[in-house]
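> Going down the list, the sequences are from chains A and B.
Take the first sequence: its position 313, counting from 1, is numbered 313 in our numbering, and each next residue is one higher.
Whatever position you read off the second sequence (first residue = 1), add 1000 for our numbering.
C-beta: ideal position from N, C-alpha, C; glycine also.
Fair warning: this is a prediction, and the values are worked out from it, not measured in the lab.
I'd like to ask some things about the structure below.
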Amino acid sequence: MYDALRNNRLVDNNDNTICLASTLKLYRNLGKYPFPGKLESDKRKQVLSLFEGVILKNSLLKKPVFLNAAELDSASKEFLAEHFLTTEGFQRASTGEGFFIDDSGEFFAIINVINHLQLMLTICGGELEKARNRLVKIETEMGKSIDFAFSQKFGFLASNPEQCGTGFVIDVFLHLPAMIHSGELERFIENNDMKGIALGDIQGNISGTFVGDVVTVHNTHTLGLTEANIIQNVQGIVTKLVVEEQGMRGKLRNDENLDMKDMVSKAYGILKYAYQLQTVEAFNSLSIIKLGVDLGWVENIDQRKINSVFLNNRRAHLVHTYGRDIDKEDLSGKRAEYIKHELESVTLTI
Amino acid sequence: MLYGSGMEADKPLECSACKKPITIFYTEVVGDTKTCLGMCSDCPILKHKLYGYDSEEPAEGLSSTEDTTLCCGVCGTSIEDVLMGHPLGCAECYTIFDDVITKGVEVDNHAPKRVDISTKNVSTHIGRAPGEMVEVSPSLRLGILSETLKETLSREDYEQAAWIRDQIKKIEGGKSNV
Chain A
1 MYDALRNNRL VDNNDNTICL ASTLKLYRNL GKYPFPGKLE SDKRKQVLSL FEGVILKNSL
61 LKKPVFLNAA ELDSASKEFL AEHFLTTEGF QRASTGEGFF IDDSGEFFAI INVINHLQLM
121 LTICGGELEK ARNRLVKIET EMGKSIDFAF SQKFGFLASN PEQCGTGFVI DVFLHLPAMI
181 HSGELERFIE NNDMKGIALG DIQGNISGTF VGDVVTVHNT HTLGLTEANI IQNVQGIVTK
241 LVVEEQGMRG KLRNDENLDM KDMVSKAYGI LKYAYQLQTV EAFNSLSIIK LGVDLGWVEN
301 IDQRKINSVF LNNRRAHLVH TYGRDIDKED LSGKRAEYIK HELESVTLTI
Chain B
1001 MLYGSGMEAD KPLECSACKK PITIFYTEVV GDTKTCLGMC SDCPILKHKL YGYDSEEPAE
1061 GLSSTEDTTL CCGVCGTSIE DVLMGHPLGC AECYTIFDDV ITKGVEVDNH APKRVDISTK
1121 NVSTHIGRAP GEMVEVSPSL RLGILSETLK ETLSREDYEQ AAWIRDQIKK IEGGKSNV
């Protein structure tokens, strides 16, 4: 499994200063079978083999492979969730459930978890329209062989009625440290029409707390809109957020903001000299260093590298990097070791 | 024609939809065809027949704590499951629980107000149907950026405006940061 994804770690090639990644999802079900929550074991297997036939033959995919959930250990499932930045949990996926990936490292399909099919693309950068077109082409190709549940009134029928209609959900992962630490994000939410849009954390949770200053922008409406409307709504808010963040960073750079310089220096100290780092502490410190790189206050590392370290210190990627299971007690130590090694040549200019 | 409970002793004792005790018999005559249904007083089918979808009455089950047990005949999903936000069990659930889902979407504000989904038989899905392929153009982003550029220039933030112009050029050249 890892070969297809190891060679295509999405974040390793991302030099974007603000947009970390985007995910585009289509929720689909088959009309002839009960939805997964009511699907008996033998029919679950039938659905799985139906999709196996359709997806593995899909000419728009690059060497697609099937991963049987029953044969994957929890670390592998977690690796998939981390790689594709999925906000849905499928840790308990087992017999009759599975996944498809391909050599692009961007394509992901989840079978029989909540819906019969969750078709997904994860991309780095902001090409939502192209990615949507690609995803819909893959779906349309599949639709030549299977019938998706559909009604004139509710559109494509999802297990969760809130996701019927287009069944299309976009998540854009933005890094907004300047807005968050200056309080501008709250002002932005108050002053902008956020109808149909929600801001969550890196896990998609709407808690108002953003670990690593990562904000996910996603659409809450899927019915009564076209996919183009959804892209336009999400892209509208994303563009405004990026422009605001860019503006705030410009101010920090020009004003040589002392508070932010202090934060960057402290984050540098933590990452360079800590022996143990928990996920949240690592994320928050790396966020500030990533901002420092963009402001020109941190040298000898580029955005691509810091983006890679930022997302690859998560547990399953760390386990994969070290090539063996890491005890829970050793995890924070290994994380500190990994980050220290990756940031070895980094220096401060402030 | 509507009869009160107990008026016809030989009628079935359970609601034909939800297995609750029958309190109402509903007889409908259309042309030469006569149909007779036994229903409980909470029956959403009765509400549909009496008021249709244009009724000002709140959707069954959404407004109260009334104990209803309407179930999907295909998968067994109950109206309580739907009201509690559990996943639907099959495609047929969308027909059986049509009004509850419609009202739920409205109440939860998941559909924009400009889309009227309260009227019966109005197609509320306005996107693609299966098999349709409609390309989306990247010009969507250009429109959004142009709008943002105007806004930025109106507040005389020329540094931001220059950055946005760069992004527009990058999109036109095929590479962008937004």
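Report the start-end ranges of each beta strand (DSSP E) in the stretch 248 to 331 of chain A that is 3 residues or longer and not cut off at the edges.
none
> Show which residues of chain B have a CB atom less than 7 Å away from the CB atom of A/Val136.
For this step, residue 136 of chain A is matched to residue 136 along the first sequence. Chain B residues near A/Val136: Met1133.
> Taking its Cβ as the centre, do 16 or more other Cβ atoms sit within 10 Å of B/Asp1081, making it buried, or is it exposed?
Numbered from its first residue, the second sequence carries residue 1081 of chain B at position 81. The residue in question, B/Asp1081, is buried, as its Cβ has 16 or more Cβ neighbours within 10 Å.
> At what residue ranges does the stretch 158 to 189 of chain A contain a whole run of the beta strand (DSSP E), taking only runs of 3 or more?
Secondary structure within the stretch 158 to 189 of chain A: the beta strand (DSSP E) runs of 3 or more consecutive residues, fully enclosed, are 168 to 175 (chain order).
> Just to confirm the assignment, what range does the alpha helix (DSSP H) spanning B/Cys1071 have?
Your numbering for residue 1071 of chain B matches position 71 in the second sequence. Note, B/Cys1071: premise wrong, no alpha helix (DSSP H); not H, not E.
> Using beta carbons (cut-off 8 Å, strictly below), is B/Gly1104 in contact with chain A?
Counted from its first residue, the second sequence places residue 1104 of chain B at position 104. Yes - at least one Cβ of chain A is within 8 Å of the one on B/Gly1104.
> Report yes or no: is there a C-beta of chain C within less than 8 Å of the C-beta of B/Gly1073?
Absent here is chain C; the protein component of the structure consists of chains A and B.
> Check whether chain B comes within 8 Å of A/Asn23, counting only Cβ atoms and requiring the distance to be less than that.
Here residue 23 of chain A refers to the residue found at position 23 of the first sequence. Asn is not the amino acid found at residue 23 of chain A; the sequence shown has Thr there. With 8 Å as the cut-off, A/Thr23 does not count as an interface residue toward chain B.
> Residues of chain B with a CB under 8 Å from the CB of A/Ser308: which are they?
Against the first sequence, residue 308 of chain A aligns to sequence position 308. Simply none; closest approach about 18 Å.
> What is the DSSP secondary structure of A/Arg44, counted as helix, strand or coil?
For the purposes of this step, residue 44 of chain A is taken as residue 44 along the first sequence, with counting starting at 1. Note: A/Arg44 maps to helix in three-state DSSP.
> Counting only runs of 4+ residues fully inside the stretch 50 to 138 of chain A, write out the alpha helix (DSSP H) ranges in chain order.
74 to 83
> Taking the alpha carbon of B/Met1084 as the reference point, which residue from A/Asp262, A/Leu225, A/Pro161, A/Asp201 has its own alpha carbon closest?
Looking up residue 1084 of chain B in the second sequence gives position 84. Per the Cα distances, A/Pro161.
> Are there three or more Cβ pairs, one per stretch, closer than 8 Å when the stretch 90 to 108 of chain A is compared with the stretch 59 to 66 of chain A?
yes
> Measuring only the C-alpha atoms, how far is B/Arg1128 from A/Gln163?
Counting from one through the second sequence, the residue named residue 1128 of chain B turns up at place 128. Counting from one through the first sequence, the residue named residue 163 of chain A turns up at place 163. Roughly 15 Å separates the two Cα atoms.
> Determine, using beta-carbon pairs with one atom in the stretch 304 to 318 of chain A and one in the stretch 9 to 23 of chain A, whether at least three such pairs fall under 8 Å.
yes
> Using a beta-carbon distance below 8 Å, is A/Gln246 in contact with chain B?
Locating residue 246 of chain A in the first sequence gives position 246, counting from the first residue. At least one chain B Cβ lies under 8 Å of A/Gln246.
> Name the DSSP beta bridge partners of A/Ile197, please?
One-based indexing of the first sequence puts residue 197 of chain A at position 197. Paired residue(s): A/Asn219.
> If A/Val211 sits next to A/Asn284, beta carbons under 8 Å apart, how far is it from one beta carbon to the other, in whole angstroms?
Counted from its first residue, the first sequence places residue 211 of chain A at position 211. Counted from its first residue, the first sequence places residue 284 of chain A at position 284. About 7 Å separates the two Cβ atoms, so the contact holds.
> Would you mind telling me which residues of chain A sit closer than 8 Å to B/Glu1159, beta carbon to beta carbon, in chain order?
Locating residue 1159 of chain B in the second sequence gives position 159, where the first residue counts as 1. Near B/Glu1159 (Cβ distances below 8 Å), the residues of chain A are Gly247, Gly250.
> Helix or strand or just coil, what does DSSP make of A/Leu20?
Here the question's residue 20 of chain A lines up with position 20 in the first sequence. Note: A/Leu20 maps to strand in three-state DSSP.
> Just to check my reading of the structure: A/Phe35 and A/Ser159 have Cβ atoms closer than 8 Å, yes? What is that Cβ distance to the nearest angstrom?
Position 35 of the first sequence, counting from 1, holds the residue named residue 35 of chain A. Position 159 of the first sequence, counting from 1, holds the residue named residue 159 of chain A. With 8 Å as the limit, A/Phe35 and A/Ser159 qualify as a contact, their Cβ atoms being about 5 Å apart.
> Check whether the Cβ atoms of A/Val215 and A/Leu174 lie closer than 8 Å to each other.
As a position in the first sequence, residue 215 of chain A is number 215, starting the count at 1. As a position in the first sequence, residue 174 of chain A is number 174, starting the count at 1. Yes, these two residues count as a Cβ contact at 8 Å.
> Just to confirm the assignment, what range does the alpha helix (DSSP H) spanning B/Glu1159 have?
One-based indexing of the second sequence puts residue 1159 of chain B at position 159. First-last of the alpha helix (DSSP H) with B/Glu1159: 1158 to 1173.
> What does the alpha-carbon distance come out to for the pair A/Tyr33 and A/Arg132?
Taking the first residue of the first sequence as 1, we reach residue 33 of chain A at position 33. Taking the first residue of the first sequence as 1, we reach residue 132 of chain A at position 132. Going from the Cα of A/Tyr33 to the Cα of A/Arg132 covers about 27 Å.
> Within a Cβ cutoff of 7 Å, which residues of the same chain sit near A/Ile123, ignoring the five residues on either side of it in sequence?
The residue you call residue 123 of chain A lines up with position 123 of the first sequence. Only Ala21, Ser22, Glu106, Ala131 meet the Cβ criterion.
> Which word fits B/Glu1060, buried or exposed, when buried means at least 16 other C-beta atoms lie within 10 angstroms of its C-beta?
In the second sequence, residue 1060 of chain B corresponds to position 60, counting from 1. No answer about B/Glu1060 holds up, because its pLDDT of 46 lies below 50 and its placement is not dependable.
> Between the stretch 138 to 146 of chain A and the stretch 195 to 204 of chain A, can you find at least three pairs of beta-carbon atoms closer than 8 Å?
The count of Cβ pairs closer than 8 Å, one atom from the stretch 195 to 204 of chain A and one from the stretch 138 to 146 of chain A, stays below three, leaving the stretches out of contact.
> Nearest to A/Ile114 by alpha carbon, out of A/Ser94, A/Leu121, A/His317?
On the first sequence, residue 114 of chain A is found 114 positions in, with the first residue counted as 1. It is A/Ser94 whose Cα lies nearest to the Cα of A/Ile114.
> I'd like to know whether the C-beta of B/Arg1165 is nearer than 8 Å to at least one C-beta of chain A.
Taking the second sequence and counting its residues from 1, the one referred to as residue 1165 of chain B is at position 165. Contacts with chain A at 8 Å (Cβ-Cβ) do not include B/Arg1165.
> Quick check on the DSSP output: the alpha helix (DSSP H) that includes A/Ile350 runs from which residue to which?
Taking the first sequence and counting its residues from 1, one reaches residue 350 of chain A at position 350. DSSP places A/Ile350 in no alpha helix (DSSP H); its state is neither H nor E.
> Would A/Thr349 be called buried (16 or more neighbouring beta carbons within 10 Å of its own) or exposed?
Looking up residue 349 of chain A in the first sequence gives position 349. So A/Thr349 counts as exposed.
> Alpha carbon to alpha carbon, how far is B/Leu1070 from B/Tyr1026? Give it in angstroms, no decimals.
Position 26 of the second sequence, counted from the first residue, corresponds to residue 1026 of chain B. Position 70 of the second sequence, counted from the first residue, corresponds to residue 1070 of chain B. Rounded to whole angstroms, B/Tyr1026 to B/Leu1070 spans 17 Å at the Cα level.
> Look at the alpha carbon of B/Ser1078 and the alpha carbon of B/Glu1028, and state the distance between them as a whole number of angstroms.
Reading the second sequence from its first residue, position 78 is the one you call residue 1078 of chain B. Reading the second sequence from its first residue, position 28 is the one you call residue 1028 of chain B. Each residue's Cα considered, the two are about 26 Å apart.
> If I measure Cβ to Cβ from A/Asp330 and keep anything under 7 Å in the same chain, skipping five residues before and after, which residues do I get?
Translated into positions along the first sequence, residue 330 of chain A becomes position 330. So no residue of the chain qualifies.
> In whole angstroms, what is the alpha-carbon distance linking A/Leu5 and A/Ile170?
On the first sequence, residue 5 of chain A is found 5 positions in, with the first residue counted as 1. On the first sequence, residue 170 of chain A is found 170 positions in, with the first residue counted as 1. Distance between the alpha carbons of A/Leu5 and A/Ile170: 22 Å.
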